[in-house]
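Inspection log for the structure reproduced underneath, given as structure tokens.
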Amino acid sequence: MSYPSSNQSDQEPIVLEIPSKHFKLFAKSMQCMGKLGDEIEMEFTPNKCIFALTPSSLNLHFRMELSKEFFGIYQMPQNRVCIGIKARSCYSFFQAQNVLQFIIEVNIGEGKVQFHQRFNDHISKSYRTAFESKTEIRTPQSDPSKLQARMSIKPKLLSELISHFSAHTTEVILGLGKERIFFKTPTPSDSDIQDKKKILHTEIGVDLNELDKYDNQFDLPLRAVFQLKDLKTISTYLAALPNDSTPSQISLGEEYSLTLQSRVGNTCFITIYFAADTTVDHTAYPQQQYQQQQMHQQQQQQQMYQQQQQQQQQQYSPQNQMVIANNNNNNYQQRQPSQQQQQQQQQQQQQQQQQRQPSQQQFRSSPPYNNNNNNNYQSSPHRGTPSQRSEFGNDGVYDIGNYDQYDQRQNGTPQQQQQSGDNYNNNNNNNNNNNNNNNNNNIQQQQNQYQPPNQHQQPNLYQQQQQQIILQQQAQQNQMIYQMNESQTSRKSATRTLAQDLYNDPDEDDQGQMDDEEVPFSQDS
Numbered sequence: 001m002s003y004p005s006s007n008q009s010d011q012e013p014i015v016l017e018i019p020s021k022h023f024k025l026f027a028k029s030m031q032c033m034g035k036l037g038d039e040i041e042m043e044f045t046p047n048k049c050i051f052a053l054t055p056s057s058l059n060l061h062f063r064m065e066l067s068k069e070f071f072g073i074y075q076m077p078q079n080r081v082c083i084g085i086k087a088r089s090c091y092s093f094f095q096a097q098n099v100l101q102f103i104i105e106v107n108i109g110e111g112k113v114q115f116h117q118r119f120n121d122h123i124s125k126s127y128r129t130a131f132e133s134k135t136e137i138r139t140p141q142s143d144p145s146k147l148q149a150r151m152s153i154k155p156k157l158l159s160e161l162i163s164h165f166s167a168h169t170t171e172v173i174l175g176l177g178k179e180r181i182f183f184k185t186p187t188p189s190d191s192d193i194q195d196k197k198k199i200l201h202t203e204i205g206v207d208l209n210e211l212d213k214y215d216n217q218f219d220l221p222l223r224a225v226f227q228l229k230d231l232k233t234i235s236t237y238l239a240a241l242p243n244d245s246t247p248s249q250i251s252l253g254e255e256y257s258l259t260l261q262s263r264v265g266n267t268c269f270i271t272i273y274f275a276a277d278t279t280v281d282h283t284a285y286p287q288q289q290y291q292q293q294q295m296h297q298q299q300q301q302q303q304m305y306q307q308q309q310q311q312q313q314q315q316y317s318p319q320n321q322m323v324i325a326n327n328n329n330n331n332y333q334q335r336q337p338s339q340q341q342q343q344q345q346q347q348q349q350q351q352q353q354q355q356r357q358p359s360q361q362q363f364r365s366s367p368p369y370n371n372n373n374n375n376n377y378q379s380s381p382h383r384g385t386p387s388q389r390s391e392f393g394n395d396g397v398y399d400i401g402n403y404d405q406y407d408q409r410q411n412g413t414p415q416q417q418q419q420s421g422d423n424y425n426n427n428n429n430n431n432n433n434n435n436n437n438n439n440n441n442n443i444q445q446q447q448n449q450y451q452p453p454n455q456h457q458q459p460n461l462y463q464q465q466q467q468q469i470i471l472q473q474q475a476q477q478n479q480m481i482y483q484m485n486e487s488q489t490s491r492k493s494a495t496r497t498l499a500q501d502l503y504n505d506p507d508e509d510d511q512g513q514m515d516d517e518e519v520p521f522s523q524d525s
């Protein structure tokens, strides 16, 4: 068989020769991928070649990595080439036996892949198929840090365990416990499994002594659900590997729960990923589940208790106490303006009282006789009786009027009456001033008794209410005193006018003459 010349640069094909001792392994791998998926991706680099399966669903990935030493001839003119071919054609092509030589030729310029086979009787066959250029292989990479459990099992033992299940079984559960490993079919308690009532329940346990290695890092009962058909195909393929292959490494992780790894010598590495749901199987170990719940509840209670202690420490810290004291001072300062307003109101009331008193003093100190109005009175036709004139006088003060005959009898008497009125008004003013001074002194004493709260004490609302009540009572007392003084002054003025009437009462003859001369009051006056 002639090979392409190596003098061409970019158009030079990729040539791979697989020896007869490795042909069975390579053929079984290609058949397994052709049965599971739809497309096989090939990636060629200077040091290794990768064959990967891209299934129609992303539940399963198959990856086979072959080093440069695995091939008899490894001609790679470029740095990296990635292509994809149909998997069904490979499944029918690699069923041949007694193959002496197998060559794969990838022609980049033509876009074709050729498979050459040579048999013992000098018969050769060639197959050609088109390929599709790819950018990269989409198979996942497992993260060792996310693996939860690992076990090492021989491929033949795994194939025997899977063969016990019926052909009608669609899904199988793999349980990994602390001291027990089992394969079982779904039960009615498994609510996430479909078609659980149509199959015969089967459970197969595995002795840990039969395993080469087992490591459950979290000591929890893990459960993985996957398709039985795919697992049976893979277990049969792993059992058909050469005797020098290592036991299959089964790992449970997060992304792809079930991972099978196998190695043939130092040149072939096979990794299979199952994207099955991995959960904790509490139904298999109810006692352990109860203990886990108790531990979780205790941890939550401890966290709550620690948070409460931290909050209490923050409340009673010196910084928070200083903040509370400052808030109290600010509240007290905000209340002080209200007390000042009350004092200003009291001062305004006192000023109004003082403004009223001078007008009353001027009126009371005026003499009962008004000499300036003599001429007006003589010419006035409305004279009336003394009782009528007292009723219509100013502020209840009797205005005798201006009579010539009374002026002759009252010589010297107005001065005496004026002096007595002035003395009476002075006494009233002194009494009012003393009462106001006493009230102001009482208010100041009560204000002095009320001390502002300390920086670390909050003002007492009860004391503030009591102080407001006392101020209201004092205002009522001042008003009552003012009314009493007004009533007393009105009474005394009335008695004074009555005394003046008695003192200035004319004779009966004169009274008769006055009555004869009186003219009734009219509304015009």
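Going by the UniProt record's numbering, the first residue of the sequence shown is number 1, and it counts up by one from there. Note that CB positions come from ideal geometry on N, CA and C, so glycine has one too.
7 Å CB neighbourhood of residue i in its chain, flanking five on each side removed
{"i": "L157", "result": "E210"}
{"i": "K232", "result": "I162"}
{"i": "L36", "result": "L53, P55, L60, F62, D230 and T233"}
{"i": "E65", "result": "K48, I50 and F269"}
{"i": "Y482", "result": "Q353"}
Residues bridged to residue i (per DSSP)
{"i": "E41", "result": "A52 and G84"}
{"i": "residue 528", "result": "Because residue 528 is not part of the residues shown, which for the chain are 1 to 525, the question remains open."}
{"i": "S487", "result": "Answer is none; S487 lacks a bridge partner."}
{"i": "C268", "result": "L66 and V264"}
{"i": "K213", "result": "S152"}
{"i": "L200", "result": "L200 is not bridged to any residue."}
{"i": "I250", "result": "M151 and L260"}
{"i": "S133", "result": "I83"}
{"i": "S245", "result": "V264"}
N-terminal and C-terminal residue of the beta strand (DSSP E) that residue i is part of
{"i": "K112", "result": "K112 to F119"}
{"i": "F26", "result": "First-last for F26: F23 to L36, but that is the alpha helix (DSSP H), not the beta strand (DSSP E)."}
{"i": "residue 527", "result": "The structure shown does not extend to residue 527, since the chain spans only 1 to 525, so no value can be given for it."}
{"i": "L174", "result": "E171 to L176"}
{"i": "E203", "result": "E203 to V206"}
Residues of its chain near residue i, where Cβ-Cβ distance is below 6 Å and the 5 sequence neighbours each way are ignored
{"i": "E12", "result": "P77"}
{"i": "H116", "result": "I103 and S126"}
{"i": "V206", "result": "I181"}
{"i": "residue 528", "result": "This structure cannot settle anything about residue 528, because the visible part of the chain is limited to 1 through 525."}
{"i": "P46", "result": "M76"}
{"i": "A239", "result": "P155, K156 and S159"}
{"i": "R80", "result": "T45"}
Residue span of the alpha helix (DSSP H) that contains residue i, given as start and end
{"i": "E160", "result": "P155 to S163"}
{"i": "T129", "result": "No alpha helix (DSSP H) contains T129, which is instead part of the beta strand (DSSP E) from S124 to A130."}
{"i": "K184", "result": "Note, K184: premise wrong, no alpha helix (DSSP H); beta strand (DSSP E) at I181 to K184."}
{"i": "L238", "result": "L228 to A239"}
Neighbourhood of residue i by C-beta distance below 8 Å, restricted to the same chain and skipping five residues each side
{"i": "C82", "result": "E41, M42, E43, F44, S133, K134, T135, E136 and I137"}
{"i": "Y450", "result": "Confidence in Y450 is poor, its pLDDT being 47 and thus under 50, which makes the residue's placement unreliable; the coordinate value appears in the next sentence. Correct list, in chain order: Q463 and Q467."}
{"i": "S124", "result": "M1, H116, Q117 and R118"}
{"i": "L228", "result": "I162, F165, T169, T170, E171 and V172"}
{"i": "N98", "result": "F119 and N120"}
{"i": "P242", "result": "K24, L25 and V264"}
CB contact below 9 Å: residue i versus chain D
{"i": "P13", "result": "In the structure shown, chain D cannot be found, because there is only a single protein chain."}
Inset, instruction - Assess, as a yes-or-no matter, whether the stretch 118 to 129 is touched by the stretch 69 to 81 under the definition of 3 or more beta carbon pairs within less than 8 Å. - result: Between the stretch 69 to 81 and the stretch 118 to 129 there are fewer than three C-beta pairs closer than 8 Å, too few to call the two in contact.
Legend entry - Inter-stretch contact at 8 Å, needing at least 3 Cβ pairs: the stretch 89 to 100 / the stretch 22 to 35: Yes: the two stretches touch, three or more of their Cβ pairs being nearer than 8 Å.
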